[in-house]
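Below is one structure, written out as structure tokens; the observations come after it.
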Amino acid sequence: MDGVEPGGMPSRRGLVIGLMLCVVAIAFEAIAVVTAMPAAAADLGDLDLYAWAFTAFMIAQTFAIVAAGQASDKFGPKLPLVIGFVVFALGLVLAGLAPTMQVLVAGRFVQGLGGGTMNLAVMVLIGRLFDPKERAVMMTWLSIAWMAPALFGPLVAAWLSTTWSWHWVFFSVLPLMAIGGALILPPLARTELGPTEPVPAGPGARTETRGSRMLIAAALVAAGTVALQVAGQRFELWSLLWLVAGLGVLGYALPVLLPPGYRPAGPGLAATVNVRLLATGAFFGAETFLPLTLINAEHFDLAGAGLVLTVGSAGWTFG
Numbered sequence: 003m004d005g006v007e008p009g010g011m012p013s014r015r016g017l018v019i020g021l022m023l024c025v026v027a028i029a030f031e032a033i034a035v036v037t038a039m040p041a042a043a044a045d046l047g048d049l050d051l052y053a054w055a056f057t058a059f060m061i062a063q064t065f066a067i068v069a070a071g072q073a074s075d076k077f078g079p080k081l082p083l084v085i086g087f088v089v090f091a092l093g094l095v096l097a098g099l100a101p102t103m104q105v106l107v108a109g110r111f112v113q114g115l116g117g118g119t120m121n122l123a124v125m126v127l128i129g130r131l132f133d134p135k136e137r138a139v140m141m142t143w144l145s146i147a148w149m150a151p152a153l154f155g156p157l158v159a160a161w162l163s164t165t166w167s168w169h170w171v172f173f174s175v176l177p178l179m180a181i182g183g184a185l186i187l188p189p190l191a192r193t194e195l196g197p198t199e200p201v202p203a204g205p206g207a208r209t210e211t212r213g214s215r216m217l218i219a220a221a222l223v224a225a226g227t228v229a230l231q232v233a234g235q236r237f238e239l240w241s242l243l244w245l246v247a248g249l250g251v252l253g254y255a256l257p258v259l260l261p262p263g264y265r266p267a268g269p270g271l272a273a274t275v276n277v278r279l280l281a282t283g284a285f286f287g288a289e290t291f292l293p294l295t296l297i298n299a300e301h302f303d304l305a306g307a308g309l310v311l312t313v314g315s316a317g318w319t320f321g
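Counting with our numbering, you get residues 3 to 321 for the letters of the sequence shown.
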């Protein structure tokens, strides 16, 4: 794990461990919140906003990933990583202190902005700092970092919620973030990671235009997702209008973000994108409401509902 640049950092071990800790923190927060949300809903009320606590994260993450990609190309990945780190931590504090469901949803939105930015910056860092062979090893460790919290996170979240409060599910992530940040910042500060390539003066306008177009498309995709969420809240005439509007916006904006030549019924990469969309949406959509259903309808406690999530997450990961 030697430094990749002359005069750069002598070792990347601390950087790698710090990056993995940050990924573990994001993954733990994601699975732990699913377990703790029934307790939060019972405490705060406003059950109609339950789904928004998850959708808000996804909406913000959708835009943040695209924006962080643009920023990483223009400034290098260090700035997006630091900004994402700080924003995600602020989102944790906001959600942990939430006195109402509205504030909790806002905190989740802020977490989505930070988490999406961090995830993208981590991927760019791996691509910039490691050769292809090392990259494969790093991706394996990233998979483990995402998988491990799914095996213990639900039970830990249930224990925190019942022993103290659901608020501590959010606060418990902050020490991981602090340790990860302390390991990441020193080696990162000694590493030169500028823009991917200089933007030329003439044709650069076209590059900037494409970047702006992608950001607008990402914002529209987020808005289309909001419309679909509103449509799904109630079954009425207005819901149909929201559904049509959401699908129309997504149909216009998504192609800008998808691989060139993508067709909804196309083979190859298009089929892979479709399968990932449907499988991931079905799994995580069902997982979101599973603990609430088990607790309210089947009278499970938080630990029992969390154990079901652990089994499901293990199946998803190993499958």
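By construction, the Cβ of each residue, glycine as well, lies at the ideal position given by its N, Cα and C atoms.
All of these numbers come straight from a predicted model, not from anything done at the bench.
Cβ-Cβ distance between residue i and residue j below 8 Å
i, j, result
"VAL68", "LEU217", "yes"
"GLY183", "PHE87", "yes"
"ALA305", "ALA160", "yes"
"THR64", "THR274", "no"
"LEU23", "ILE181", "yes"
"ALA62", "PHE111", "yes"
Selection from the options that minimises the alpha carbon distance to residue i
i, options, result
"MET149", "ALA272, VAL18, ILE33, ALA284", "ILE33"
"ALA123", "ALA159, SER145, ALA91, PHE77", "PHE77"
"GLY253", "LEU94, LEU83, LEU280, ALA225", "ALA225"
"ALA233", "ALA267, THR57, ILE85, TRP166", "THR57"
"THR102", "VAL275, TRP168, GLY16", "TRP168"
"ALA42", "PRO293, PHE285, GLN113", "PRO293"
"THR119", "ALA70, PRO134, ALA29", "ALA70"
"ALA66", "VAL223, VAL275, ALA273", "VAL223"
"PRO170", "LEU96, ILE181, PHE111", "Checking the displayed sequence, the identity of residue 170 turns out to be Trp instead of Pro. The shortest Cα separation from TRP170 among LEU96, ILE181, PHE111 belongs to LEU96."
"ILE85", "PHE172, GLY213, GLN113, GLY109", "GLN113"
"GLU194", "GLN72, ALA316, LEU81", "LEU81"
"ARG236", "ALA53, GLU31, MET60", "ALA53"
"MET60", "GLY213, GLY98, ALA220, PHE173", "ALA220"
"VAL258", "PHE291, ARG212, GLY287, ALA284", "ARG212"
"TRP318", "PRO40, LEU187, PHE286, GLY308", "PHE286"
"LEU153", "MET22, ASN298, MET179, ALA29", "ALA29"
"PHE291", "LEU279, ARG278, LEU280, ALA307", "ALA307"
Cβ-based neighbour list, residue i, same chain, cut-off 6 Å, excluding 5 preceding and 5 following
i, result
"VAL126", "SER74, PRO79"
"GLY268", "none"
"GLY16", "LEU185, PRO189"
"GLY116", "GLY86, VAL89, PHE90, GLY93"
"LEU279", "none"
Distance cut-off 7 Å: residue i Cβ against heavy atoms of the ligand COA
i, result
"ALA34", "The ligand COA is not among the ligands present in this structure, which contains no ligands whatsoever."
Close-in-space but distant-in-sequence residues of the same chain around residue i (CB under 7 Å, 5 per side omitted)
i, result
"GLU289", "VAL36, LEU311, GLY314"
"PRO261", "LEU271"
"SER241", "ALA233"
"PHE132", "MET140"
"LEU176", "ALA91, LEU94"
Close beta carbons around residue i, own chain, < 8 Å, minus the five adjacent residues each side
i, result
"THR282", "none"
"LEU230", "TRP244, LEU245, GLY248, LEU249, LEU252"
"PRO266", "ALA272, ASN276"
### Query
Do the stretch 140 to 148 and the stretch 89 to 103 meet, that is, are 3 or more Cβ pairs less than 8 Å apart?
no
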